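Protein chains in written order, with this note's numbering: chain A, 1 to 392; chain B, 1001 to 1641.
All C-beta atoms, glycine included, are put in the ideal place defined by N, C-alpha and C.
For clarity, every value in this text was computed on a predicted model and none was experimentally measured.
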Amino acid sequence: MTSSPLPEPGAPLAHFVSTAPFDPNEVPPITDAQKEISKASQLRLMWWKFKRHKLALASGVFLALLYASILIVEFLAPYNLHTRHVDFIHSPPQRVHLFHDGSFVGPFVYGRDMRLDMDTLRRIYTNRTDQVEPLRFFCRGDAYRFWGLLDANLHLVCPAKGGQFFLLGTDRLGRDVLSRIIYGARISLTIGLIGISVSFVLGIVIGGLAGYRGGLFDLVTQRIIEVLQSIPSIPLWMALAAIMPVTWSPILIYLGITMILGLLDWTGLARAVRSKLLSLREEDYVLAAQLMGAKTSRIIGRHLIPGFMSHLIATATISIPGMILGETALSFLGLGLRPPITSWGILLTEARSVSVIAFYPWLLLPTLPVVLVILAFNFLGDGLRDAADPYK
Amino acid sequence: MSSDRFPITRRGILGLMASAALPMPRALAAALEPPLLAPLVYEDMLPALSDRVPREPRVVKLAEMGRQPGRNGGTLRMLIGGSKDIRLMTICGYSRLVGYSPTLEFIPDILESFENVDNRVFTFRLRTGHRWSDGHMLTSEDFRYCWEDVILNKRLRKGGPPSELLVEGQKPRFEVLDQRTVRYTWHGPNPDFLPSLAAPQQLVICMPAHYLRNFHQKYQEPNRLAGLVKEQRVDEWVDLHIKMSNSYRQENPELPVLEPWRNRTRPPAEQFVFERNPFFHRVDENGAQLPYIDKVVLNVSSASIIAAKACTGESDLQATSVDFTDYTYMKDAEKRYPVRVGLWKATRGSKVALLPNQNVSDPVWRALLRDVRFRRALSLAIDRDEINKVSFFGLATPSADTILPDSPLYKPEYAAAYANHDPAAANALLDAIGLANRNDDGIRLLPDGRVAQVVVETAGESTLETDILELVGDHWRDIGISLFVRTSQREVFRSRTMGGQIMMTMWPGLENGVPTAEMNPGQLAPTLDDQLQWPAWGMYYLSRGQKGQAPDLPEAIEQIRLLRTWYQARSDAERTAIWEQMLSNWAEQVFSIGIVNQTRQPVLRSAHLRNVPDTALYGFNPTSLLGVYMPDTFWYSEDTA
């Protein structure tokens, strides 16, 4: 481009006309990257957006690992859920050492002596620094029935032969707290997923019909939802939990509790679905589908729901922690799951006495996974919500 | 304070003349006045000490009991779980016509003396000059009023006289011999009479007539009575009389009492203040009037945090609502607060016991639970040593649910009966019953093909019960019985067990683990509806055949027969023989599966408080919690120990 000198001060600016050739029908070339974006699916766009939310990504990975681990808790836990060590009651957490007397021996714990203090009635544990008990890995330990199918006894980590390894201490019956937290994850984490699926099915079906049909059905549903939401949740849980027969097997009780949590949780979701559908059903493509003779179920399922699926996913991730907390609260009140089933809520119930706080604080450790999982779900939900609208 | 500071009044001179007759010099008497009452005596609003106590007070010789005589004054703070628990003051105050000594013998307390002829004729003699807490004389009129105007009144007592006053349904003949003497005569022996007078909730046969007449139709003008009924917001005079006369729970601060402390707070309240009864009838060997402590303050708190509060120095004496599991924490508090914790021995027959319900409605289970072999097998399968080690630091004693070695009736074979850990014998017993078939998990099958699942219900108030049940569940799995725990509310237990809905209950064992032959052995036979192993039979006995079901198990019928012969027994030797027979049947039949007994009960006291035993028996009946150890003799010292 030729550059003309600046005009004299005060003189008008000369009219500039580009001399380059111009074809109005020409399509500007796009870069490869732009090409990829334009061709990317909705899901792909969301993933790109999501990747940039580092905290959400980390939370997602953390949760994925946790959920993967519940498949193999028998292998991960050093002991079985109910293994009692009568000689190691209320044993504090053991530290893992690497060096003994200045030389490297790999991960090991010191052996422990227990002494009964008959004056204060406490069990006093002292480390025996002469007794090095190296941890074993991929080792044979307590026998278990893997998934109720296979007899096995392989564990990720076991104590030395004849020794003990209580990374997070033991409870009042001498059971390993770490193993119980790992086993508890299986119940506490899945209860959220199962509960949320129940509430999703109910929420989408009822909310979808109410929103799409409107009229009397909508009116009745809305009033029912209002009534359900106005009932204080804890007494309602208590009533429902109390009607489950005691002879039900623990698995049935567990399913029952998830159903209860799901049955009470759908109302909020149903409202969201309804309001979304009320606006979406006025769209032209719905009219088009109706004119072409599509059935209600097809219009809702094929045309309307995908329109706000991203919103649903975000809602789900944010509701799961509510379910986990609900189970914890119910079990803490002694109304939810019952031993021998072990969840984090059950573990915390057993730790609610003043002497625990004073002498055995490690029994409160199950709060830690509860807090971490709930934070992770919240971050994940946050990231998903941002990613759900990738063009923003 | 010296005697010359007393103003000379007519009453003062009379008091001086009266006290001149006594060996106690006036100056000494003034020095003995409790600090709370001294100003009142000084202002002549209250007679002097020598006029307040009976002429022959009950002299408690503390030095002979191995205790220290103390001094008056101070406030004792205690924590209670609800306002109903102010009955604690009547239980622990333990002022009775006839009471138990610390060695569980009958001694006259309010009475000067009593005479008992063949458990049939009881003659009670009151102390001269004994006064109610409002200063009125206690006389035989108070017994007459209670008997004729209250107990025999058809409207006040719809069900008739209490069963302790009846022998084969017959009332006693009541006589007033003079101002201080009354006599009760039955046609046959009534061995329950003295024990029920000495019980924690005593049988009331004496009421402050001068006060309660105000609320009785027979003595009060109808207009004034109607006014009082309205004022107290009750329906009629009967309710008014019942409300105003409740001496077990001292909810009426105006009711004259004979207890060491009387309530000064009208419920509802969060804090109850009890002040010393200025006319209490006990003195120590130095002539100081008991109780030593001027005031008792009861603070209402949630039962679950009482242990924590007591450990932060908010209680000066705490034995209720604290349990063995709190001991470690309480002992640790000794370092931070001036408190001391002692371990007393619980008198229950078993800390907790499993009670197989003989009245369960399921026919298959009823047949099993009534089979003594089944009950024995369940008992033999329990590893009591492990439970003792895990939950009681090995400080308890593995035992069947029976009496303790502290009872003169104790025999080691009662405690050892089916209490050893012998799963092989248990398995053999179950096989012999016909429960040999098992499912894939190794759990036995009932004759009708169901799985042998025992559902144990518990009040679940402490983790101790659920821990023990978890251990028992493991032990029972070894003999092919699976155990489920259900926690439900204490209040609904009785009706649900009676209705046969509960198969087995976890409940505290025998209430009185330290009986003597003089005490009623009714706890070993179906006599009460709250015996959860046979509530319907107990109801039948209690209602004299009106409600419940008649027992149809020969062994249970035998216990009732023995109980009836105990009532007729003439001598202690006879009674002892009956007790032994009943105990031996009880042990053989395993109607209650005991776990451990002689567990420890922590008793926390202020380090300044003296005369609290370091260790003693602790139970409701017969020791009335702290009652027989006389809390009125506890006192505050300046130094700690």
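- At a beta-carbon threshold of 9 Å, none of the residues of chain A lie near B/Y1145; the nearest stands roughly 49 Å away.
- Contacts with chain A (Cβ-Cβ distance below 9 Å) from the segment 1373-1394 of chain B involve E1386, K1389, V1390, S1391, F1393, G1394, listed in chain order.
- Counting every other CB atom within 10 Å of its CB across the protein chains shown gives B/Q1289 a total of 16 or more, marking it as buried.
- Close to A/T120, with beta-carbon spacing below 7 Å, are these residues of chain B in chain order: T1328, K1331, D1332.
- Runs of the beta strand (DSSP E) lying entirely within the segment 1323-1379 of chain B, each at least 3 residues long, are 1339-1346, 1353-1356 in chain order.
- DSSP, read as helix, strand or coil, puts A/L252 in helix.
- Minimum Cα-Cα distance from B/A1198 among the listed residues B/G1594, B/Y1337, B/R1282, B/E1518 corresponds to B/E1518.
- Contact check for A/F165 against A/P93 fails: the beta carbons are separated by 8 Å or more.
- Buried is the label assigned to B/A1415, since at least 16 other Cβ atoms lie within 10 Å of its Cβ.
- In this structure B/A1308 is buried. Its beta-carbon is surrounded by 16 or more other beta-carbon atoms within 10 angstroms.
- Considering only beta carbons, the part of the segment 83-102 of chain A lying closer than 7 Å to chain B consists of V86, I89, in chain order.
- Per DSSP, B/H1475 lies in no beta strand (DSSP E); the unbroken alpha helix (DSSP H) holding it starts and ends at 1463-1477.
- Your pair B/L1430 and B/V1514 does not check out as a contact, with CB atoms roughly 35 Å apart and the cut at 8 Å.
- Counting only the Cα atoms, B/L1240 lies some 6 Å from B/V1234.
- Under the DSSP assignment, A/V205 falls in the alpha helix (DSSP H) whose first and last residues are 177-213.
- The bridge partners DSSP lists for B/T1458 are B/T1487.
- Chain A has a Cβ within less than 8 Å of the Cβ of B/A1308.
- For the pair B/R1276 and B/P1260, the CB atoms are nearer than the 8 Å cut-off.
- Cβ neighbours of A/T315 within its own chain (closer than 7 Å, five residues either side excluded): L269, A272.
- Proximity of A/A358 to chain B, defined by a Cβ-Cβ separation below 8 Å, is satisfied.
- Among the CB atoms of chain A, one or more fall inside 8 Å of the CB of B/D1467.
- Judged by DSSP secondary structure, B/S1571 falls outside any alpha helix (DSSP H); it is assigned neither H nor E.
- Our two residues, B/V1273 and B/L1469, have alpha carbons roughly 41 Å apart in a direct line.
- Per DSSP, reduced to three states, the secondary structure at A/M244 is coil, with no helix or strand assignment.
- Note that the C-beta distance between A/S69 and A/G184 is not below 8 Å.
- Taking every protein chain shown into account, the CB of A/T126 has fewer than 16 other CB atoms within 10 angstroms, so this residue is exposed.
- Looking at the DSSP output, B/L1298 shares a beta bridge with B/M1078, B/F1272.
- For the set B/Q1170, B/V1352, B/E1141, the Cα lying nearest the Cα of B/T1397 is the one of B/V1352.
- A direct Cα-Cα distance of roughly 35 Å separates B/D1178 from B/I1293.
- Annotation: Cβ neighbours of A/E350 in chain B (cutoff 8 Å, chain order): T1463.
- Shown here, B/Y1248 sits in coil according to DSSP, grouped into three states, outside any helix or strand.
- Taking the C-beta atoms as reference points, B/I1387 is found no nearer than 8 Å to B/L1445.
- Nearest Cα to B/W1147 within the set B/R1183, B/R1125, B/M1137: B/R1183.
- Its chain contains A1381, I1382, D1383 as the residues whose beta carbon lies nearer than 6 Å to that of B/H1475, once the 5 sequence neighbours on both sides are disregarded; these appear in chain order.
- Contact check for B/P1602 against B/M1330 passes: the beta carbons are separated by less than 8 Å.
- For the pair B/Y1567 and B/P1551, the CB atoms are not nearer than the 8 Å cut-off.
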